[in-house]
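The letter at position 9 of the sequence shown is residue 30 when you use our numbering, and the numbering goes up by one with no holes.
All remarks here apply to the structure that follows.
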Amino acid sequence: MNDRIRMVVQPTIDWIHDDFKSNSFRFCVELFAWSISLGCAITMAMTVPNPPLLQMYPVWILGCAMYAWASYSRKSFGMLVNYMLLVTIDSIGLYRLLA
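Listed below in structure tokens is the structure:
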């Protein structure tokens, strides 16, 4: 790898490695939640104007709940409140969809 690229990329690789070593379970939960988020975003984009909300809402809510747990375990108040709010809002949306 080019030395300039390595100088830019290596700190990020080290940070990811350190994050994995500090709590590998949380790292895997966050990675899975990220893949859920990405999958929902791609599904939404590909199925507009009629996305499959009944299938997507529970998956999205699960991903947000996983992020909330990870935020709690990191002691990140802002992220925890954000994801708890998203879980609440989307749970209301799912309830309204089912009602």
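Even for Gly, the Cβ is constructed at its ideal location relative to N, Cα and C.
CB-CB length for residue i against residue j, believed under 8 Å
| i | j | result |
| --- | --- | --- |
| Leu74 | Ile57 | About 15 Å; that fails the 8 Å criterion. |
Contact set for residue i: own chain, Cβ-Cβ below 8 Å, skip 5 residues either direction
| i | result |
| --- | --- |
| Met77 | Cys61, Thr64 and Met65 |
| Val108 | Ile82, Cys85, Ala86 and Ala89 |
| Val80 | Ile57, Gly60 and Cys61 |
Cβ-Cβ distance between residue i and residue j below 8 Å
| i | j | result |
| --- | --- | --- |
| Ala54 | Ala91 | yes |
| Tyr116 | Cys85 | no |
| Glu51 | Tyr88 | yes |
Nearest-angstrom Cα separation, counted from residue j out to residue i
| i | j | result |
| --- | --- | --- |
| Met100 | Arg27 | 31 Å |
| Ile110 | Ser97 | 20 Å |
| Asp24 | Met67 | 40 Å |
| Gly114 | Cys49 | 28 Å |
| Asn71 | Pro32 | 42 Å |
Cβ-based neighbour list, residue i, same chain, cut-off 7 Å, excluding 5 preceding and 5 following
| i | result |
| --- | --- |
| Phe41 | Phe48 |
| Ser112 | Ile82 |
Completely contained alpha helix (DSSP H) runs for the segment 38-118, where each covers 4 or more residues: List check, alpha helix (DSSP H) in window: 45-68 and 74-94.
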